[in-house]
Every structure is written in C-alpha cells, then in structure tokens.
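Listed in order, the protein sequences are those of chains P and B. Per the numbering used here, the first sequence starts with residue 17, numbered consecutively. Per the numbering used here, the second sequence starts with residue 244, numbered consecutively. In what follows, a single structure is set out as structure tokens and then discussed.
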Amino acid sequence: MRFSDNQSNVTGRRLFLMMLAAQPLIMNGILENPLKKMVLNVLHDDANDFFIIGGWVLLKSDI
Amino acid sequence: MLIDLSTLDKNTSLKQYDVCICGTGPSGITVARTLASQGLTVALLEGGGLEYSENSQELYKGKNVGLNNWDAIRNCRLRFFGGTSNHWEGRCSYFDPVDFEQRGYIDLPGWPISRKEIFSHFEEACAILDLPKDAFSKKTKWSGTNFRISDKELSPPTRFGTKYREELKKSLKIDVYINANLTDVRLHDSLNSVKSFEVKSYSGTAFNFIAKNYVFAMGAIENARLLLNSDKQVKGGIGNKYDMVGRCFMEHFNVEFGRFVVEDKSKFLQGSLEVNPSEAFMRSHRIGNAVLSFNPSFSTSEYGHFQGLKKSVREFFCKYPSLTDLSRKLKEFDCSGDGVIRSLIEQVPNLQSRIMLDTETDMFGMRKVKLDWKASEADNHTIRTLGIEVAKEMARTNVARVQLQDFILDKNKEIPDYGHHCHQLGTTRMSADPKFGVVDKDSRVHGLENLFIAGSSVYSTGAGCNPTLTLVMLSLRLGEHLAKKSA
C-alpha cells in the first residue's frame, strides 16, 4: 500500500488512482452513494495542487 | 508528619497553620513543598489514604449529561495520596506564545498573566517531573509550512505520592492528614475571607482546620464541586457571584481524523511523528492549538492459526488500496505503513460547557457532580481545518498520504466521537475581571482574601499540550506568592 514501495512504484500509483476512480462503478451498492461522495470531496480541493478522492488527499503529481 | 484523621479523637485540638491545602496531587504537594522551603507551616489534606481504596474512589462518582457520555468522571482521576499522578502517563509539553494571546474568535478574555511569568519556573518544574537536564532542547528538521514537529518529553513518570512520601513524613513544617475529606468551607461573618475548612473522617467525625491562607488543589472537577457545595453562607456557592464557578470545563479532544500510509519512513525514526500547527497558521485560520500523532505499524499484522498464509494474503491485498478497502469490509486488518491519525486538540473556553451539582448526594451529604461537556462551532472548525490541512501537509512534504473520515470533509456530518485525554481544565478560570473568571492573576478567588486555587482548573485556555508541566509551574508560582504574602 505504500506509494514508494518497490512493488508499488509509479505504476502502482497509477493503478491506485485508476482503481479509486473506478470505485464508484466497481463498488456501487457497497458504498453509500459513492459518486455523490466523490463529487462532494473533490469540491474540497481548495488548492490546485491537491485532489481529494474517496477521502484520500493526494497531490496531482501522484498521477 | 503523617496523620491518619480517622485515628484522632473527636476532641483533639488541631494546631493552626500558615496554609491549609486540600489535595495531594502534583499541585498540592508542589505548593506545600514550596511553602515549607520558605519556613511556613502547612496542613496538607488528602481525602483518600496512602493507597487506592474503593471507599474513597466512590466519592468521585458523578453524572455526565454532555458529550460522549464522558465516563471518566470516576475513572480518570485517582483519590488517594499523590492524586492522579498515580496513573499519569508522563507526557510533558508546554504552552506556546499564541496560547497567551487574546484571540478574536474566543469570546472570553485570555490569560491575565504572561507566558514569561509562568516560565520563570520552567527549570524547577522540569526537575520536579524528573525530566532530563537538556529537556526540550532536541530540534528535529521539518520541511513543512503549516505544521511543526511537537516538542515533548516523557517523565518516568513522576508519582508524587511515592516520590515525596518520605520527605513529607519527615518534614517539620508539613503535616499530611490522610482520610481527611473537605466537606465545607466556613467564612468569617464579613464573607470576604475563609475562617476554617470543615474536614471529616470516614466515620463522620468533623474537625475544623484553621489557617491564615487556604488552597484548593483537588483538580478541576472537585475544585468547582466543593465551591458550589459550600453554599450555607453564600447562595450559589463560594466565589460564584458572577455564576462562573464550574463554567468553561475543557478537555482535549481526541478525534480520529482518518488513516494514512507512510511514504517517507525516515520521518518516523522514533516510530511516530507528532506535529503541531504553526502559530502563524493558527492565527490566520483562527483555530486552536493541537498535537496530531501519526503512529504507523511497520509490519503486516499476523496472528492466530495459519499466520504465514494470512500474512501473504494480507500483503497481497495491502499492495492495492482498493482491494484493501474492499477486503477490510469483510475483515479489519493492518497493513505495513498503515496507521490511524490521533489528536490532542484545544477546546475553546465555552460558558455552556460546565460542571453543576446533581440532586444525588454522597456519603458526606454533599451533592455529586453533574457534568455537561460541550463542543462549540469554533471547536468543530478547528478539528476540520486541522484534518484537511495536515493531510495536505503530509502529501506536500511527501511524508504520507492521508484518507480523511467523511465528517472532516463534510461540515454537514456530525463528529461522531470527540474522544478525550482525561485532562480536566478551566472550571475556576483565571481572569482579571471577576465577571469572566473565578480567580485573579494570583490564583486568589475573587472576593475572598485568603482562598487560592491551584491546578489546571485555573487555566484560562487549554492550549494543545499535556497540562502537567504548566500545572507544576503555576503551583510553584502560587507557592512563591503565598510565601511572600505570609512574610
């Protein structure tokens, strides 16, 4: 799960974000209204350097 | 000398003292020792015995009608010789300059004394708490902007009852009375000074302790409760002309902000990382002080049967956050580098957060405590701002990535659990103006010439740090003041 882990490097980060982004589709029915939650959290991105997705506070450069 | 009040005959005539102190925790013992070192005679009263007993501890029972149904009224405090230091964890830190400033978002006045006045006792307090000589001198590099590394030290921890028992027993100036329960404060007819403390043993035998000056050092809950209960001569209780006794009860919130994954292990050399908001950040965002703790696990958890297999499966899931989230819905487990963010957050002094008296009485006929602990919108603002900004700071500095709980990001969601730290502060707050506090800048109860209060109940604000070091410094200051007053 660590970003800089040998087995979870840049590719891992991309995978991580792709999976986060796909979460509303994959996990629909598991999370309560995930799309709404995701949009709501992105609205909290008050500085352009950050994404807030699924509660995770990420740098744009994490992509 | 050590005297068990329950062994004294009811006709025993007690000597008169320079100062009578009620409470043998860090405050009471520190004030007593300071006075004795200046040649003053002291009666030091302890409601419990030398060791823990259910009989004494039961007297701490009370009711909470406020936040979290805070069940710590009885269990956070200890009612025997040495007081709550008997289970203190030993964390020491100190107030920042910003904690002494008049902050615009706090409706009540701040401290009427300067940080410098308290910190003149810093070295002596560190020695009392058995902190190393170079305490607080270690500086850690930090590349953040809105947060800084917490400056903290660990006391062994000092158990005041154990450390000072022999010294107090042998003292020619201090008489320690155990099983001595303060049940009433009697005033002179003028109502502007204390005449005596009524003190009872568990058998109900009453004694009157007479001194030139008197000190309450029983902790923030009992100090307020005893003042409110002493209402035979003054309606509403002693020192309560402006209805301030018991108000502004403060704790330190212990909110779990969310979880994190470590990115840069080197920042966790001591196993954990603790940060405070910078003073500039606090001022600009109008928030309170805090300590935010990141304590990661550095191994994938393994336990029970088939440990190797379980570990391999968990490590696989731990590599992919979405899989981790999904699998954790079936069973909770830790991943290497995972952790939960914990906090110690300052609470704004709030008139509605208060100690009152219940209708139920204890074995001495005194009304039990009823606590209504409340958080305010200013507190919620502090909690949410700290959560969002520390998450950004961790990402910006590449130390960790944080997943915040939804109530941090969504103002419309209630904070489900404020947590606590067993810190009780502010119920007899210090203020130059009696309309906004119970004691003046010398810790003297407004309107009374010879009643003083020691301990964290006098805190005007709670800061974002563990209270004991400051409490000891204030007690040294009070001891010095009383010695000068008595000279």
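Note that CB positions come from ideal geometry on N, CA and C, so glycine has one too.
Check: Exposure label - B:S718; buried when at least 16 CB within 10 Å; Outcome: buried
Check: Reduced DSSP secondary structure (H/G/I, E/B, other) of B:S256; Outcome: coil
Check: Chain-order list of residues whose beta-carbon lies under 7 Å from that of B:G669 (same chain, five-residue window excluded); Outcome: A463, C491, F492, M493, P592, S700, Y702, G705
Check: Three or more C-beta pairs below 8 Å linking the region 267-282 of chain B and the region 714-728 of chain B; Outcome: yes
Check: Proximity test, Cβ basis, 7 Å: B:V442 and chain P; Outcome: no
Check: 7 Å Cβ cutoff, B:A706 in contact with chain P; Outcome: no
Check: Cα-Cα separation, B:K258 to B:F390; Outcome: 55 Å
Check: Nearest candidate by alpha-carbon position, reference B:G291, set B:S527, B:D660, B:T267; Outcome: B:T267
Check: Spatial neighbours of B:H528 in its chain, beta-carbon cut-off 7 Å, leaving aside the 5 residues before and after; Outcome: T628
Check: Nearest neighbour of B:D676, chosen from B:S363, B:A638, B:Y485 [CA to CA]; Outcome: B:Y485
Check: B:L535 to B:L288 span [Cα, whole Å]; Outcome: 38 Å
Check: Check whether B:G741 and B:G325 have beta carbons under 7 Å apart; Outcome: Outside the modelled stretch of chain B, which goes from 244 to 730, sits residue 741 of chain B, for which no answer is possible.
Check: B:S439 - partner residues in DSSP beta bridges; Outcome: B:R429
Check: Per-residue contacts from B:A370 into chain P (C-beta, under 9 Å); Outcome: Residues of chain P passing the Cβ test: none, with the nearest at roughly 43 Å.
Check: Proximity test, Cβ basis, 7 Å: B:L647 and chain P; Outcome: yes
Check: Beta carbon of B:G582 nearer than 7 Å to that of B:P520; Outcome: no
Check: Cutoff 7 Å: P:L51 Cβ touching any chain B Cβ; Outcome: Unreliable positioning characterises P:L51 in this predicted model, as indicated by a pLDDT of 46, which lies under 50. A coordinate reading is not provided.
Check: Span of the beta strand (DSSP E), counted from its first residue to its last, around B:Y457; Outcome: 454-459
Check: Whether B:S398 touches B:E692 by CB criterion (7 Å); Outcome: no
Check: CB contact flag (B:L411, B:F679, <7 Å); Outcome: no
Check: Neighbouring residues, chain P, relative to B:A634 (Cβ below 7 Å); Outcome: V73
Check: Opposing strand residues paired with B:Q646 [DSSP bridges]; Outcome: P:W72, B:R502
Check: DSSP beta-bridge partners of B:R610; Outcome: B:T604
Check: Start and end residues, alpha helix (DSSP H) containing B:G271; Outcome: 269-280
Check: Residue environment, P:V55, which counts as buried when at least 16 other CB atoms sit within 10 Å; Outcome: The predicted model places P:V55 with a pLDDT of 45, which falls under 50 and marks its position as unreliable, so this point remains unresolved.
Check: Classification of B:T273 by the beta-carbon crowding that lies within 10 angstroms, buried from 16 upward; Outcome: buried
Check: Alpha-carbon spacing of B:I658 relative to B:G480, whole angstroms; Outcome: 35 Å
Check: Short Cβ contact (7 Å threshold) for B:K617 with B:D601; Outcome: no
Check: B:S674 versus B:V504, B:W354, B:A286, residue with shortest Cα-Cα distance; Outcome: B:W354
Check: Span of the beta strand (DSSP E) around B:G707; Outcome: First-last for B:G707: undefined, no H or E at that position.
Check: Minimum Cβ-Cβ distance from B:A621 to chain P less than 7 Å; Outcome: no
Check: Interface positions of the region 496-526 of chain B facing chain P (Cβ-Cβ less than 8 Å), listed along the chain; Outcome: G501, V504, V505, E506, D507
Check: B:Q365 (DSSP reduced to helix, strand or coil); Outcome: First, the residue type needs correcting, since residue 365 of chain B is Phe and not Gln in the sequence shown. Correct three-state label for B:F365: helix.
Check: CA-to-CA distance, B:H330 to B:R320, given in whole angstroms; Outcome: 9 Å
Check: Alpha-carbon to alpha-carbon, B:F379 and B:D660; Outcome: 32 Å
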